[in-house]
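Worksheet: one structure, shown below.
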Amino acid sequence: MSNELELSRKSVPLIEKFVKNFIKLSAFGAILISIAIVLTLSTEAINFFQSPEVTLKEYFTATRWTPTFKNPEYGVLPLISSTLYIATIACLISFPIGLFSAIYLSEFASKRTRKIIKPVLELLAGVPTVVFGYFALNWITPNIVQKFIPGTGVFNAISAGMAVGIMIVPTIASISDDALNAVPKGLKMGAFALGSTKRITALKIMLPAAISGIIASFILGFSRAIGETMIVTIAGGQYPELNLDPRSAMYTITSSIVNVSLGDTPHGTTAYNALFALGITLFLMTFILNLASDYISRKYRKVYE
Amino acid sequence: MKGVTLNMENKTSSKIDLDSVFSVKNVSVNYGDFVAVKNVSMEMYKNKITAFIGPSGCGKSTLIRSFNRMNDLVPSAKVSGEILYQGINLYDQNVDPVQVRRRIGMVFQKPNPFPKSIKENIAFGLRVNNMTDNLDDRIEKALTQAALWDEVKKDLDKNALDLSGGQQQRLCIARTIAVEPDTILMDEPCSALDPVATKKIEDLMQLLVNEFSILIVTHNMHQASRVSDYCAFFTTKATEDGRRTGELVEYNDTKTMFTNPIQSLTEEYISGRFG
Chain A
1 MSNELELSRK SVPLIEKFVK NFIKLSAFGA ILISIAIVLT LSTEAINFFQ SPEVTLKEYF
61 TATRWTPTFK NPEYGVLPLI SSTLYIATIA CLISFPIGLF SAIYLSEFAS KRTRKIIKPV
121 LELLAGVPTV VFGYFALNWI TPNIVQKFIP GTGVFNAISA GMAVGIMIVP TIASISDDAL
181 NAVPKGLKMG AFALGSTKRI TALKIMLPAA ISGIIASFIL GFSRAIGETM IVTIAGGQYP
241 ELNLDPRSAM YTITSSIVNV SLGDTPHGTT AYNALFALGI TLFLMTFILN LASDYISRKY
301 RKVYE
Chain B
1001 MKGVTLNMEN KTSSKIDLDS VFSVKNVSVN YGDFVAVKNV SMEMYKNKIT AFIGPSGCGK
1061 STLIRSFNRM NDLVPSAKVS GEILYQGINL YDQNVDPVQV RRRIGMVFQK PNPFPKSIKE
1121 NIAFGLRVNN MTDNLDDRIE KALTQAALWD EVKKDLDKNA LDLSGGQQQR LCIARTIAVE
1181 PDTILMDEPC SALDPVATKK IEDLMQLLVN EFSILIVTHN MHQASRVSDY CAFFTTKATE
1241 DGRRTGELVE YNDTKTMFTN PIQSLTEEYI SGRFG
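In order, the protein sequence lines correspond to chains A and B. Here this note's numbering is used: position 153 in the first sequence is 153, and no number is missing along the way. Here this note's numbering is used: position 262 in the second sequence is 1262, and no number is missing along the way.
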């Protein structure tokens, strides 16, 4: 018996099991938290839709969002339209600037210039959004928007959108830059060897070859713009009705959540539960965008050997 | 060194009827303070295949890339000496590297077709060079010249990345000759290919040399002996600071190089004793 070869499982050191399970726990922790968020959001949101004051139909068709008023209305349309409106302005600013900086950085800039510009861009990504918010309110609005566009209010969608756009430029530039740099060097060499100029090589060869990463960066940027809270709360205003004039205030999903949760809305009321309905609406929007980004980058990914 | 100069003189006297394409005079290429290849002087001839052979790191690829100014894309690279192409100094201030590359095409070690259709791969270079008249005819002609037409004529819209490695390399040759250069530089064009695909490219070179001057860098000295008319042997020599610099050892017509080399170093390499 004592001479028998010891091969049983108990010879595995305890530390192996411990480390494996600990690492496993961390990995699954993130998933568990996501599930917990969805569950919390949806249970409270279900409570919201079950309350007599609101119906699903009203939620999606009414054009006012005034949960704390005496006669509350719960129409999410103005919030969604404001959110998409400001995010679109942000994209109009950030897509070209972000993409062009990425092209410049990866195709035209010298090593030295790149060494300077890249950290500065990353610095921009590190600026707290509250700073962007006040920058939009106290600088962009009076110095740019009100000067060039008459009739602009103190709180307006244009400044908020511009500031959000500036905020997401680094995201787009950095991901697009990575995408361009991931294109095999041989393609660039091949284009140059055929007598292309830098411009043709960058725009006709490198850009199409990196398009999946670039589109993914656009979608991610758009998704960040939708979820951005501080800037739009500070500079975007709180106009609770359906409004398509960018010169006046709007009311995004995020800033209405902030607004209700900052007030003294009692726990359990319909106005309180409305927050969770908004939360899950926002969650679904960004979730779908992230899925789209994933799908596109898979579909258009060019496979190089 | 003495043997090299002597040898060059011999040749110029005996091959007086040949037109020179590249005339290389005391060319060195540096990357920063590192000398990759030093003091090369040689002549290359029109409608001939010239092969560069030698062990890794001997500077043969570096040198060939300075012939169409691809080295310009490496910021630290610096070419000194003189490279005359049909009498024009390629590194003259007035010379546009883009124009140089339009005249001197290049095929790379790893097949690098663009991630576009077969047709687009060839049309790209034609558009870049404003040769869009009779686009389809030009595409067919280039593919035919590159011995690829019969294999791909039915699916010109197929993505080039779906072709086999050997087909991809022939497509790269096709897109290079489509823009009608005078000279084709080939930087180890077969090193990523299997023997069958290699044979096809080698046969192709024999056809193309009637129209173009070809310069090929190869690791494979058997390939050099099979395909080339002239052959240059490079090697590395240790410098004082312990790094290695490439040098031209011997340059001659291929038959002489492989049967009766002047330098003992060449003989050792060719007989497989080092490298």
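Cβ coordinates follow ideal geometry from the N, Cα and C atoms, glycine included.
* Quick one: list the residues of chain A neighbouring B/Val-1217, beta-carbon separation under 9 Å, in chain order. => Mapped onto the second sequence, residue 1217 of chain B falls at position 217. None at all; the shortest Cβ gap to chain A is about 14 Å.
* Give, in chain order, every residue of the stretch 1076-1108 of chain B whose Cβ lies closer than 7 Å to some Cβ of chain A. => Per Cβ criterion, the list reads Val-1098, Arg-1101, Arg-1102, Gly-1105, Met-1106, Phe-1108.
* Asked: Name the DSSP bridge partner or partners of B/Gly-1105?
  -> The sequence position of residue 1105 of chain B within the second sequence is 105, counting from 1. DSSP, once it has assigned bridges, lists B/Ile-1184 as partnering B/Gly-1105.
* Taking only beta-carbon positions, decide if A/Glu-305 is within less than 9 Å of chain B. => Position 305 of the first sequence, counted from the start, is the residue given in the question as residue 305 of chain A. Below a pLDDT of 50, predicted positions are generally treated as unreliable, and A/Glu-305, at 43, falls in that range; the measurement from the model is reported next regardless. Using beta-carbon distances, A/Glu-305 counts as an interface residue toward chain B, with a partner under 9 Å.
* To do: Could you tell me the distance, in whole angstroms, from the CA atom of B/Ala-1197 to the CA atom of B/Asn-1220?
  => Sequence index remark: in the second sequence, residue 1197 of chain B carries index 197 (1-based). Sequence index remark: in the second sequence, residue 1220 of chain B carries index 220 (1-based). The straight-line gap from Cα to Cα measures roughly 15 Å.
* Asked: Would B/Thr-1254 pass as a contact of B/Ser-1225 if the rule is Cβ separation under 9 Å?
  -> Position 254 of the second sequence, counted from the start, is the residue given in the question as residue 1254 of chain B. Position 225 of the second sequence, counted from the start, is the residue given in the question as residue 1225 of chain B. Yes.
* Would A/Ile-89 be called buried (16 or more neighbouring beta carbons within 10 Å of its own) or exposed? -> The count along the first sequence starts at 1 and reaches residue 89 of chain A at position 89. By the 10 Å Cβ count, A/Ile-89 comes out buried.
* Going by the CB atoms, is the gap between A/Gln-238 and A/Ala-311 shorter than 9 Å? -> This structure cannot speak to residue 311 of chain A, because chain A is shown only from 1 to 305.
* Would you mind giving the Cβ-Cβ distance between A/Leu-307 and A/Val-169, rounded to the nearest angstrom? I have them listed as a contact below 8 Å. => What is shown of chain A runs 1 to 305, which leaves residue 307 of chain A out entirely.
* Quick one: what's got a C-beta closer than 7 Å to A/Ala-216's C-beta in the same chain, skipping five residues either side? -> One-based indexing of the first sequence puts residue 216 of chain A at position 216. Residues of the same chain with a CB within less than 7 Å of the CB of A/Ala-216, apart from the 5 flanking positions on each side, are Ile-175, Ser-293, Ile-296, Ser-297 in chain order.
* B/Leu-1208 and B/Ile-1173 closer than 9 Å at C-beta -> The residue you call residue 1208 of chain B lines up with position 208 of the second sequence. The residue you call residue 1173 of chain B lines up with position 173 of the second sequence. In this structure, B/Leu-1208 lies near B/Ile-1173, with their beta-carbon atoms less than 9 Å apart.
* **Segments of 4+ residues assigned as alpha helix (DSSP H) that fall wholly inside the stretch 20-79 of chain A** => Every unbroken stretch of the alpha helix (DSSP H) spanning 4 or more residues and falling wholly within the stretch 20-79 of chain A is given here in chain order: 56-61.
* Look at the alpha carbon of A/Phe-315 and the alpha carbon of A/Ala-173, and state the distance between them as a whole number of angstroms. => With chain A covering only 1 through 305, there is no way to say anything about residue 315 of chain A.
* To do: Answer with yes or no whether the minimum CB distance from A/Ser-196 to chain B is below 9 Å.
  => Position 196 of the first sequence holds residue 196 of chain A. Chain B contact via Cβ: present.
* Asked: Can you name the start and end residues of the alpha helix (DSSP H) that A/Val-258 belongs to?
  -> Taking the first sequence and counting its residues from 1, the one referred to as residue 258 of chain A is at position 258. Where A/Val-258 is concerned, the enclosing alpha helix (DSSP H) stretches over 253-262.
* Along the beta strand (DSSP E) that carries B/Gly-1246, what are the first and last residues, could you check? => Position 246 of the second sequence, counted from the start, is the residue given in the question as residue 1246 of chain B. B/Gly-1246: member of the beta strand (DSSP E) spanning 1244-1253, first to last residue.
* **Within the stretch 1030-1102 of chain B, ranges of the alpha helix (DSSP H) (whole runs, at least 4 residues)** => As far as the stretch 1030-1102 of chain B is concerned, its whole alpha helix (DSSP H) runs of at least 4 residues are 1060-1066.
* Coil, strand or helix - B/Lys-1025 by DSSP -> Looking up residue 1025 of chain B in the second sequence gives position 25. Here B/Lys-1025 sits in strand by DSSP.
* To do: Could you tell me which chain A residues have their CB closer than 7 Å to the CB of B/Asn-1030, listed as they occur along the chain?
  => The residue given as residue 1030 of chain B occupies position 30 in the second sequence. Chain A residues near B/Asn-1030: none, gap ~17 Å exceeds 7 Å.
* Those residues which DSSP pairs with B/Cys-1231 across a bridge -> As a working note, residue 1231 of chain B is residue 231 in the second sequence. BP columns for B/Cys-1231 point to B/Ala-1051, B/Asn-1252.
* Starting from the C-beta of B/Lys-1002, find all residues in its chain whose C-beta is less than 7 Å away, skip the five residues before and the five after it, and write them out in chain order. => In the second sequence, the residue the question calls residue 1002 of chain B occupies position 2. In this prediction, B/Lys-1002 scores a pLDDT of 36, lower than 50, which makes its location untrustworthy; the coordinate-derived value is nonetheless stated afterwards. Nothing meets the Cβ criterion.
* At least three beta-carbon pairs within less than 8 Å, the stretch 1041-1050 of chain B to the stretch 1227-1240 of chain B -> The answer is yes - the stretch 1227-1240 of chain B touches the stretch 1041-1050 of chain B, with three or more Cβ pairs under 8 Å.
* Look up B/Asn-1159 in the DSSP assignment and give the residues it is bridged to. => Within the second sequence, residue 1159 of chain B is the residue found at index 159, counting from 1. B/Ser-1117, per the DSSP bridge assignment.
* Asked: Between the Cα of B/Asp-1155 and the Cα atoms of B/Asp-1187, B/Lys-1116, B/Glu-1188, B/Ala-1178, which residue gives the shortest distance?
  -> Taking the first residue of the second sequence as 1, we reach residue 1155 of chain B at position 155. Closest option to B/Asp-1155, judged by alpha-carbon separation, among B/Asp-1187, B/Lys-1116, B/Glu-1188, B/Ala-1178: B/Lys-1116.
* Asked: Buried or exposed: B/Asn-1112, going by 16 or more other Cβ atoms within 10 Å of its Cβ?
  -> Within the second sequence, numbered from 1, the residue matching residue 1112 of chain B stands at position 112. It is buried - the Cβ of B/Asn-1112 has at least 16 other Cβ atoms within 10 Å.
* Asked: Going along the stretch 1058-1078 of chain B in order, which residues come within less than 8 Å of chain A, judged by CB to CB distance?
  -> Contacts with chain A (Cβ-Cβ distance below 8 Å) from the stretch 1058-1078 of chain B involve Asn-1068, Met-1070, Leu-1073, Pro-1075, listed in chain order.
* Does DSSP classify B/Leu-1215 as helix, strand or coil? -> Here the question's residue 1215 of chain B lines up with position 215 in the second sequence. Strand.
* To do: Could you list the residues in the stretch 247-261 of chain A with a C-beta less than 7 Å from some C-beta on chain B, going in chain order?
  => Identification of residues in the stretch 247-261 of chain A having a C-beta nearer than 7 Å to some C-beta of chain B yields an empty set.
* Residues near A/Glu-228 in its chain [Cβ-Cβ closer than 6 Å; skip 5 each side] -> In the first sequence, the residue the question calls residue 228 of chain A occupies position 228. Counting only Cβ-Cβ distances below 6 Å, and skipping sequence neighbours, we find Val-164.
* Return yes when the Cβ of B/Val-1021 is within less than 9 Å of the Cβ of B/Val-1040, no when it is not. => The residue labelled residue 1040 of chain B in the question sits at position 40 within the second sequence. The residue labelled residue 1021 of chain B in the question sits at position 21 within the second sequence. In this structure, B/Val-1021 does not lie closer than 9 Å to B/Val-1040 by Cβ.
* Cβ-based neighbour list, B/Met-1257, same chain, cut-off 6 Å, excluding 5 preceding and 5 following -> Translated into the one-based positions of the second sequence, residue 1257 of chain B becomes position 257. Taking B/Met-1257 as the centre and dropping the five residues before and after it, the same chain places the C-beta of Cys-1231 closer than 6 Å to its C-beta, in chain order.
* **Contact list for the stretch 1187-1198 of chain B against chain A, Cβ threshold 8 Å** => Correct list: empty, as no residue qualifies.
* When you compare only the Cα positions, how much space is there between B/Ser-1164 and A/Leu-187? -> The residue you call residue 1164 of chain B lines up with position 164 of the second sequence. The residue you call residue 187 of chain A lines up with position 187 of the first sequence. The alpha-carbon atoms of B/Ser-1164 and A/Leu-187 are separated by roughly 17 Å.
* How big is the Cα-Cα spacing for B/Arg-1243 and B/Ala-1036? -> For the purposes of this step, residue 1243 of chain B is identified with residue 243 of the second sequence, where counting begins at 1. For the purposes of this step, residue 1036 of chain B is identified with residue 36 of the second sequence, where counting begins at 1. The alpha-carbon atoms of B/Arg-1243 and B/Ala-1036 are separated by roughly 9 Å.
* Would you check if there are 3 or more beta carbon pairs closer than 8 Å linking the stretch 197-215 of chain A to the stretch 1144-1153 of chain B? => The stretch 197-215 of chain A vs the stretch 1144-1153 of chain B: no contact.
* Measure from the C-beta of B/Ser-1013 to each C-beta in chain A and report whether the shortest distance is under 9 Å. => Locating residue 1013 of chain B in the second sequence gives position 13, counting from the first residue. The predicted model places B/Ser-1013 with a pLDDT of 40, which falls under 50 and marks its position as unreliable; any figure quoted below should be read in that light. Residue contact with chain A for B/Ser-1013: absent (no Cβ-Cβ distance below 9 Å to any residue of chain A).
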